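Encoded as structure tokens, the structure appears first; notes follow it.
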Amino acid sequence: MHFQRALCIAGSFLLKFVQKMTRRHWCAVPILFLSKALANVPRYKALGMEGLLALRDVIHCTMITHQILLRGAAQCYLLQAAMNLLDVEKVSLSDVSTFLMSLKQEESLGRGTSLWTELCDWLRVNENYFKKSPTCNSSGLHETSLNAYVKNLVQEYVKSPAWDARENCFMPDWFEAKLVAVMVLLAVDVDGMKTQYSEKRRTQNVLRIFLNPLLGALEKLSTNAYMSLLKADRCLQLLLKLLHTGVLKCSCPQDDEVFTVLQNFVMSTTESISEFILRRLTMNELNSVSDLDRCHLYLMVLTELINLHLKVGWTRSNPIWRVISPLKNASIRHLQEMNGGQEPTLGSQIQRVVSMAALATVCEATDQKPELQLDSLEAGPMEGFLSSLPLNQTLQKPHTEQQNSFFEESSSSQGWGKIVAQYIHDQWVCLSFLLKKYHTLIPTTENEIRELFLPAVQMPVRTLQSALEALTILPSDQVLPVFRCMKILVPKLLSSSESLCIESFDMAWKIISSLSNTQLIFWPNLKAFVQLVFDNKVLTIAAKMKGQAYLKIKEIMYKIIEMSAIKTGVFNTLISYCCQTWMVSASDVSQGSLSSAKNYTELVLEACIFGTVFRRDQRLIQDVQTFIENLGHDCAANVILENTKREDHYVRICAVKFLCVLDDSNMSHKLFMEDLAIKLLDKDELVSKSKIRYYVNSLQHRVKNRIWQTLLVLFTRFDQNFLNGIIDRIFQAGFVNNQASIKYFIEWIIILILHKFPQFLPKFWDCFSYGEENLKTSICTFLAVLSHLDVITQNTPEKKLILKQALIIVLQWCFSHNFSVRLYALVALKKIWNMCKTLHVEEFDALAPIIESSLHQVESMHGAGNAKKNWQRIQEHFFFATFHPLKDYCLETIFYILPRLSGLIEDEWITIGKFSRFTDIPLDAGFQWYLSQTQLSELKPGDWSQQDIDSNLIEAESQSEWNDVQKKIIPWKNNVPDLDLELMFQDRAAKLGKSISRLIVVASLIDKPTNLGGLCRTCEVFGASVLAVGNLQCVSDKQFQHLSVSAEQWLPLVEVKPPQLIDYLQQKKTEGYTIIGVEQTVKSLDLTQYCFPEKSLLLLGNEREGIPANLIQQLDVCVEIPQQGIIRSLNVHVSGALLIWEYTRQQLLRHGDTKS
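In the working numbering, the protein residues as written are 523 to 1678.
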């Protein structure tokens, strides 16, 4: 009894919880993890029909996020939650199928995924327990199984609707076709589960039982003149959805028995379907605006049929073959027909649009499938017609007698402009096919034309000018074919018509930069734009001319990189395309194979060091996406959604893999890599000069880290001659004040150079001869190199002289006054002395007592003081104990292991799996240095990090001093800010006759300079007494100054860092201030109802996260701004300005009343 009651309470709670999830707007991350939590609730019957509807509403909530992977994963979890928590006796199969339609198949519910299998198993187990549907089957009985339900579903779907009174009715909605297709395929797969060893014949029989009504209707399409138009459309819709949904979302779709049988069924109806489509498209039967949607359906079906027949083999007896040629000829005939000077009717104009769309489909199919080439390279009637077609010719609106019927159908059309845009789009699709087929006939100048038989091809300047005109006419989702035409024309015209080509680049970039970041429009357009501007031929010609086009390409390159900071993945598209076009196979070693790339090394350089420093919210999204990707096939969204590889890491991965493919025996490749190395060193020096000291994990740290990672990848390709020119710069980098991770990379590359070219050892010894001022922050770097002397001298036959020189140098530094330097010197001494003893070098016997005594003394230090601890730590440190410069030389160590062990932020760790998954640039099968073969990968970061030694730092007094050496120093520690500054500004303002209120505005949680600048201006205008910010350095920011317009000079600003806010607020409370938070909470007061005290302190929250919970506890009151719209919050500057004005308004009224 108690147990049942507990279950009832739990079910009620879960229902309320799910319903609450639908009552607010969620961002991607919380709704994902709430959905995951629901999916992990133990299975029991908690939700009925009301719960199923609530889950459907939550799925709709997931659609607001642009993060497709997160959205898909949330849908997967919500479906799992439904299967776990649904009481199947309270819902029918019809309810379940409707619920499944709320999921996006292209994001979550894909056939062949683990989720699909889980759903099939759930249906198999529960199919006899579902609530009976009120609908009846043909026998008058309620369906009691999944098979009966699906059979009845198909019969009802195909049945001619009684209300189809007129032929030219609107297109049916796709929802029902999608539902029936999903349920048919689920039922077939469930049946396959019941008979695990099912034969092909059984699958064929089950599918035929379900699809008999559909196949019967499709076979009669061309012969049954009385078939309802609506029925024909619905059948074709279902056919398309079956083909789209039936494809397995896994690696082996060819083994899918169900889809094979489905394809065979469809192919048996090809002749009837294709003849029906031919008749509908060519016999003037499509003559209304709503028929354009119908035309789109027919052409999609035709494309699917072509693809199906090409898979099984193409023959001239194929029914599709017999349709394409008449369709092409009829379309051309319709387009050539003139209206005899009369105004066009709606029917004739619609037929022109249909004919152009059909011709575009034929051209696209022919372009993608060479088997469909109907004519030889000699220009036929279609080519001649397309080439002479007036480009961008708009369709005149129908004359006034047809207006009424046109506007009656406006609900299904987007207006005549959209129809015209589609017509022009299809023109350019056809022209793209034509230019691609006859690209060899395009002249570089129009003076070369001898005989004009293909005007659009042989007059490229005019065609390119028309393309620019088309870009101004067409909407952004229709410009792709124009970009494709421009890609063919620009390389031909760049030499002779440079200004026109530059205008093309500018116009195309204007379109790209104005697009929003949408999956279906922005990314295909960006890809086409990159292929246009960065075509290998264009790059080569522009670099050879070194004119305005070359500069324009460079300008666009940097604009794309700049855009990547806002739209993640933009630079990925550019670098991936360029590297793929530059990449050459191992057999192609021609000297000019990188002729264009060598003029654009800046692009590869920027790719090697690319990566933004994410805000906390951006990093959260990246981390969650990585979490989902790591789930692999366990999350269906990973299988269905193509990995777009738009993460910032993939830019560097692409560049690095491209460099790995290059062959140093090829002179052009070698020169390219050497030029890149010099530019990398230049960049390193530039970053070093820009900031002498920089904080760990700052942008400067990350950029320098990436530079030396790339130099390590390139190192093996450098010969002695090239190193002669850069060795001094590499050694000089060792003297620079760097963070620990960068020091490790510099030390590593010096070790590798000295190992491969011992000739550079004299230059290395010279590094120890610099004055003490130059060495005090860098000697540890060179001593760390000496600790790997065994690797350096590995290939040197005569080691005695090297050992002697090393001992002399190291012994000097063992007596340094600096404790840290002594530690590094003693580590090197210990390793060098072990080498001497192994080699039995008698010449050093005189030094033996001194060395043995020194080492014995440090090894046998008494007590547990810091000196002994630090000696133990440095010996156990990975760089001295485990790391082997040769054996660990691999991509995994460079990009993952060493950054992880050196304490670099996790954003900079690139796992080797990402290198493997990035297949745009494949590496040869013989490529060996992916993975580390040593124990280094198993280590955890230690507590010793290489220090930048200051001359005043003689001895480490405590362990905490060592741990905090590289942490940011807070100058004013934990003191509450001095308030003298407020008094000084107030006195200054009083002298100017300015009125000062008792309002304090605290903006310490706000990050963006624009918001802070705007608030500063608002506070100054309305006479706030003080503005508190998190860092006073913000006032020097240009964006701050642009918004503040010098307000900071007239307003008291104090620095209150976020950790000090609690103390600051408490102090203000003691001074009589009321602490007011601008936040939406359960107990928030409406701004219009709140009366501000004279001594008010206004606390504003962070742009993204608002006011933290620990600070909300310090508030006296929360105030929120009443809202009427859908978006849940205002910009923080706007919110602050509204409250500041309301405070000022109330004070003005109050003082006005007092005066009166």
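For every residue, glycine included, the Cβ atom is placed at its ideal position computed from N, Cα and C. Quantities reported herein were computed from a predicted structural model and do not represent experimental measurements.
Residue range of the beta strand (DSSP E) that includes residue i
i     : result
E1642 : V1639 to E1642
G570  : Note, G570: premise wrong, no beta strand (DSSP E); not H, not E.
T478  : As displayed, the chain neither begins before 523 nor continues past 1678, which places residue 478 out of reach and without an answer.
V1523 : L1521 to A1525
E1196 : Per DSSP, E1196 belongs to no beta strand (DSSP E); it is in the alpha helix (DSSP H), M1189 to S1212.
V1551 : V1548 to V1551
E1577 : L1575 to E1577
L463  : Residue 463 is absent from the structure shown; the chain starts at 523 and stops at 1678.
Residues near residue i in its chain [Cβ-Cβ closer than 7 Å; skip 5 each side]
i     : result
L1054 : F1005, M1008, K1009, V1012 and A1030
D1210 : Per the sequence presented here, residue 1210 reads as Ser, with Asp not at that position. Once the five neighbours on either side are set aside, the close Cβ partners of S1210 are V1258.
S1566 : G1535, C1538 and R1539
I1063 : P1013, L1016 and S1017
L668  : L615, L645, E649, A709 and V712
Through-space distance from residue j to residue i, alpha-carbon basis
i     : j     : result
S1376 : E1320 : 27 Å
L675  : T791  : 21 Å
K1205 : T1318 : 34 Å
F1544 : A1550 : 16 Å
E1151 : G1435 : 11 Å
I1662 : C1541 : 7 Å
C1176 : L1153 : 24 Å
D1288 : T1123 : 33 Å
V540  : S557  : 9 Å
F1253 : L1015 : 49 Å
L1042 : S1035 : 16 Å
V1600 : E1627 : 12 Å
W1355 : L1184 : 41 Å
G869  : L857  : 13 Å
N1392 : I1416 : 26 Å
N1227 : G937  : 56 Å
F1440 : D889  : 28 Å
L1521 : C1556 : 22 Å
E1207 : V1135 : 21 Å
I1082 : M878  : 35 Å
F1437 : R1224 : 19 Å
K1390 : S1338 : 17 Å
I1597 : K1605 : 15 Å
Own chain residues within Cβ distance below 8 Å of residue i, not counting five before or after
i     : result
Q918  : E865, P866 and Q871
L1311 : I1324, L1325, A1328, A1350, K1353, I1354 and M1357
L1573 : F1507, C1538, C1541, E1542, A1546, V1548 and L1549
P694  : L752, D755, R756 and Q759
C642  : L708, D711, V712 and M715
6 Å Cβ shell around residue i - same chain, five flanking residues per side excluded
i     : result
L631  : L625
M1067 : none
Range covered by the alpha helix (DSSP H) that runs through residue i
i     : result
L1276 : A1262 to K1278
L1221 : L1221 to F1237
R1006 : L1002 to L1015
W1104 : V1092 to W1104
D1028 : E1020 to S1036
G1679 : Only positions 523 to 1678 of the chain appear in this structure, which leaves residue 1679 out of reach.
F1244 : Q1242 to F1257
With a cut-off of 8 Å, do at least 3 Cβ pairs link the stretch 1086-1099 to the stretch 1153-1169? Flag = yes, the stretch 1086-1099 and the stretch 1153-1169 touch.
Any chance you could list the alpha helix (DSSP H) runs of at least 4 consecutive residues sitting entirely within the stretch 796-874, in chain order? 813-834 and 841-858
Within the stretch 1292-1372, ranges of the alpha helix (DSSP H) (whole runs, at least 4 residues): 1294-1297, 1301-1308, 1311-1314, 1322-1335 and 1341-1361
May I ask you to verify whether the stretch 699-717 touches the stretch 760-769, counting CB pairs closer than 8 Å and requiring at least 3? yes
For the stretch 568-586 against the stretch 548-556, are there 3 or more C-beta pairs whose distance is under 8 Å? yes
Determine, using beta-carbon pairs with one atom in the stretch 589-599 and one in the stretch 565-575, whether at least three such pairs fall under 8 Å. Flag = no, the stretch 589-599 and the stretch 565-575 do not touch.
At least three beta-carbon pairs within less than 8 Å, the stretch 1611-1618 to the stretch 1570-1589: No: fewer than three Cβ pairs fall under 8 Å.
Between the stretch 1397-1412 and the stretch 1267-1279, do at least 3 Cβ pairs fall closer than 8 Å? yes
Within the chosen definition, does the stretch 804-813 reach the stretch 780-789 through at least 3 CB pairs nearer than 8 Å? no
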